[in-house]
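Participant:
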Amino acid sequence: MKKLLIVLFSTVLLSSCESSESVGTDSSGLGQGGSLARFAVANGHLYTVNNNEISVFSLANPENPVQLSRLNIGANGETIFPLGDSTIFIGTTSGMYIYDVSDAPAMTLLSNYRHVVSCDPVVANANFAYVTLRTESNNFNCARGVNQLDIINIQDLSNPILIGSFPLIQPKGLGLYGDTLLICDKGLKVFDVSNPNSLVLLDADEDFDAVDIIPNGNLMITVSESGLKQYRYKNGKLNFLSAL
Amino acid sequence: MKYLKIVFINLLLLGLGSCDYRYGGEPYYDYNSQYTPVIMDRADLEQSIRIIGPREIKDYGKIYIKDSLLFINEKFEGIHVVDNSDPSNPENLAFIVIPGNIDISILNDVIYADNAVDLIAIKYTGDSVRVIDRNRNIFPELPAPEGQYYSYEGSANRPENSVIVKWVLK
């Protein structure tokens with residue numbers, strides 16, 4: 231019971247940190263990409279995923295990236311999501327792969343959460359990974375008829391456990407802002423995920439076929455194939471700022 | 132009967148294959164993909180990175196934010212640079228031409244980008260862009276839009292030292 235309380239308490243602490251509304255410069259020198267990114271910088275290394283290969287580059291001298299290793303992941307990799315300095319999540323058409331990269335360029339596969347073949351980015355926090363599974367009829371890499379969100383408990387990175395699957399229309403990119411999950415799903419949809427067993431829709435803009443999103447503090451930057459839209463997110467509501 | 136079948140299939144394949152004489156008159160055939168590859172000489176690819184003034188954004192790809200600058204990929208063409216210091220009024224500043232580009236990542240003032248099969252490191256200063264490093268042949272060739280298993284006939288006729296920078300609908 232005591233342990234449970236500690237876990238709960240640290241969860242509260244973690245989520246309160248992530249809810250910070252600060253926007254601005256990042257002292258790490260890093261920028262921020264969307265969930266569909268195939269490039270990520272973590273722990274002084276650049277990771278790129280392409281088809282079944284991950285490449286690791288040293289950025290010891292940032293002006294001269296040096297390729298240190300290549301790893302065949304045995305799956306069709308599509309996206310990279312770095313979490314802190316030691317973990318990267320790879321979204322592939324057959325599942326989510328979690329690697330420990332604290333000993334880069336060595337990569338240790340911690341686990342592989344398999345799912346039906348589909349197109350699927352992933353975002354995560356310390357407790358949960360959120361994977362969207364999308365079907366695309368004109369791409370046979372991901373044409374199996376599944377459109378949903380999987381929420382996976384990853385408190386033990388070596389043993390991911392599916393908590394629930396929630397039906398969506400045709401989800402693409404997604405982004406996390408504290409306990410709020412924003413999903414590009416025939417529009418931009420905002421869900422409260424504070425209870426991982428139920429998804430509560432808070433707000434949506436369905437006039438815009440969003441493809442990917444960057445939550446930059448409470449600034450939500452989303453892109454579709456034909457435009458960019460930005461919102462300020464406050465108290466469960468998307469407030470439109472601009473389109474480009 | 133069997134021969135008839137083979138002849139029939141060959142006729143079908145001939146019918147499906149289209150002939151494209153772009154880029155130096157080399158014909159490319161494509162029996163599978165609805166798209167045809169656009170090929171660039173490696174020497175041209177390596178001289179292709181440049182900055183031009185702001186232009187209308189289309190074929191929006193991935194997005195990336197670094198401090199107050201927002202970078203918007205135009206699929207296979209390059210990166211639009213947008214001043215986003217006031218998100219209510221973003222201002223399109225410039226376009227960095229990078230053939231075959233899809234992804235970027237930034238550390239400090241260095242932009243890492245795919246330039247078709249190469250990884251390049253570039254520095255953007257506001258009115259100029261400079262390639263400071265190039266790792267050649269890091270990435271597999273750009274696959275056809277329908278998926279990596281689609282291909283085209285005629286790759287054997289490709290000029291040496293050439294790369295696919297995009298695919299266009301036939």
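Protein chains in written order, with the working numbering: chain A, 231 to 474; chain B, 132 to 301. Ideal Cβ placement from N, Cα and C applies to all residues, glycine included.
Would the region 315 to 326 of chain A and the region 343 to 352 of chain A be scored as touching if the rule is three or more Cβ pairs under 8 Å?
Facilitator: yes
Participant: Between the alpha carbons of Val430/A and Lys301/B, how many angstroms are there, rounded?
Facilitator: 44 Å
Participant: Mind pulling the chain A residues with CB within less than 9 Å of Glu213/B?
Facilitator: Just to set this straight, residue 213/B is Val in the shown sequence, not Glu. Within chain A, the residues near Val213/B are Leu458, Leu474.
Participant: Out of Thr410/A, Asp422/A, Leu474/A, Lys416/A, which has the shortest C-alpha to C-alpha gap to Ser456/A?
Facilitator: Leu474/A
Participant: Arg364/A versus chain B: which residues are under 8 Å apart at the beta carbon?
Facilitator: The premise fails here: Arg364/A is roughly 14 Å from chain B at the closest Cβ pair, so nothing lies under 8 Å.
Participant: Here's a check: name, in chain order, each residue in its chain whose Cβ is nearer than 8 Å to the Cβ of Lys189/B, leaving out the five neighbours to either side.
Facilitator: Glu205
Participant: With 16 as the cutoff for other CB atoms within 10 Å, does Asn268/B come out buried or exposed?
Facilitator: exposed
Participant: List, in order along the chain, the chain B residues whose C-beta lies closer than 8 Å to that of Ser445/A?
Facilitator: Looking at the sequence provided, one finds Pro at residue 445/A rather than Ser. Near Pro445/A there are no residues of chain B at all, since even the closest Cβ is about 10 Å away, more than 8 Å.
Participant: From Ser265/A to Tyr461/A, what distance separates their C-alpha atoms?
Facilitator: 17 Å
Participant: Spell out a yes or no on whether the region 233 to 253 of chain B and the region 186 to 202 of chain B are touching, meaning 3 or more CB-CB pairs, one atom from each, closer than 8 Å.
Facilitator: The answer is yes - the region 186 to 202 of chain B touches the region 233 to 253 of chain B, with three or more Cβ pairs under 8 Å.
Participant: Have a look at Val441/A and Gly263/A and give me their C-alpha separation to the nearest angstrom.
Facilitator: 13 Å
Participant: Tell me whether Asp198/B sits in a helix, a strand or coil according to DSSP, three-state version.
Facilitator: In this structure, Asp198/B counts as coil in the three-state DSSP scheme.
Participant: What residues in the region 258 to 281 of chain A bring their beta carbon closer than 8 Å to a beta carbon of chain B?
Facilitator: Gly259, Leu260, Gly261, Gln262, Gly263, Gly264, Leu266, Ala267, Arg268, Phe269, Ala270, Val271, Leu276, Thr278, Asn280, Asn281
Participant: Listing by chain order, which chain A residues have their CB less than 9 Å from the CB of Ile203/B?
Facilitator: Val453, Leu458, Leu474
Participant: Looking at C-beta atoms only, is the number of pairs between the region 266 to 279 of chain A and the region 312 to 321 of chain A that lie closer than 8 Å three or more?
Facilitator: yes
Participant: For Leu301/A, which residues of its own chain have a beta-carbon under 6 Å away from its beta-carbon, when the five flanking residues on both sides are left out?
Facilitator: Ile284, Met337
Participant: What are the boundary residues of the beta strand (DSSP E) that Leu176/B is part of?
Facilitator: Where Leu176/B is concerned, there is no enclosing beta strand (DSSP E), although the alpha helix (DSSP H) it sits in stretches over 173 to 177.
Participant: Starting from Asp442/A, find everything on chain B with Cβ-Cβ shorter than 7 Å and list it in chain order.
Facilitator: Lys193, Ile194
Participant: For the region 431 to 450 of chain A against the region 388 to 405 of chain A, are there 3 or more C-beta pairs whose distance is under 8 Å?
Facilitator: Touching, yes.
Participant: Indicate whether at least one CB of chain B lies closer than 8 Å to the CB of Thr255/A.
Facilitator: Reliability of the predicted coordinates at Thr255/A is poor, the pLDDT of 46 falling under 50, and the value obtained from them is presented with this limitation in mind. Interface residue, yes.
Participant: If you compare alpha carbons, which of Ser348/A, Asn294/A, Gln378/A is closest to Gly394/A?
Facilitator: Gln378/A
Participant: Helix, strand or coil: how does DSSP classify Asn465/A here?
Facilitator: DSSP, reduced to helix, strand and coil, places Asn465/A outside both helices and strands of the structure shown, so it counts as coil.
Participant: Going along chain A in order, which residues have a C-beta closer than 7 Å to the C-beta of Pro271/B?
Facilitator: Simply Asn280, Asn281.
Participant: Any idea what DSSP makes of Asn280/A, helix, strand or coil?
Facilitator: strand
Participant: With DSSP collapsed to three states, give me the class of Asn239/B.
Facilitator: coil
Participant: Would you say Pro168/B faces chain A, with C-beta separation under 8 Å as the test?
Facilitator: no
Participant: DSSP three-state call for Asn448/A: helix, strand or coil?
Facilitator: Asn448/A: coil per DSSP, three-state reduction.
Participant: Who does Ser472/A pair with in a DSSP beta bridge?
Facilitator: Gln460/A
Participant: What residues are listed by DSSP as bridge partners for Asp442/A?
Facilitator: Val453/A
Participant: The beta strand (DSSP E) with Ala305/A in it runs from where to where?
Facilitator: 296 to 313
Participant: Would you please verify whether the beta carbon of Asn232/B is less than 8 Å from any beta carbon of chain A?
Facilitator: No, no contact with chain A.
Participant: Near Asp435/A, which residues of its chain fall below 7 Å by C-beta distance, leaving aside the five closest residues on each side in sequence?
Facilitator: Gly417, Leu418, Leu468
Participant: CB-CB under 8 Å to Ile263/B, same chain, minus the five flanking residues each way: which ones, in chain order?
Facilitator: Val241, Ala252, Ile253, Lys254.
Participant: What are the start and end residues of the beta strand (DSSP E) that includes Cys349/A?
Facilitator: Where Cys349/A is concerned, there is no enclosing beta strand (DSSP E), given that its DSSP letter is neither H nor E.
Participant: Below 9 Å between beta carbons is the criterion; list the residues of the region 244 to 261 of chain B that meet it against any residue of chain A, in chain order.
Facilitator: Ala244, Asp245, Leu250, Ala252, Lys254
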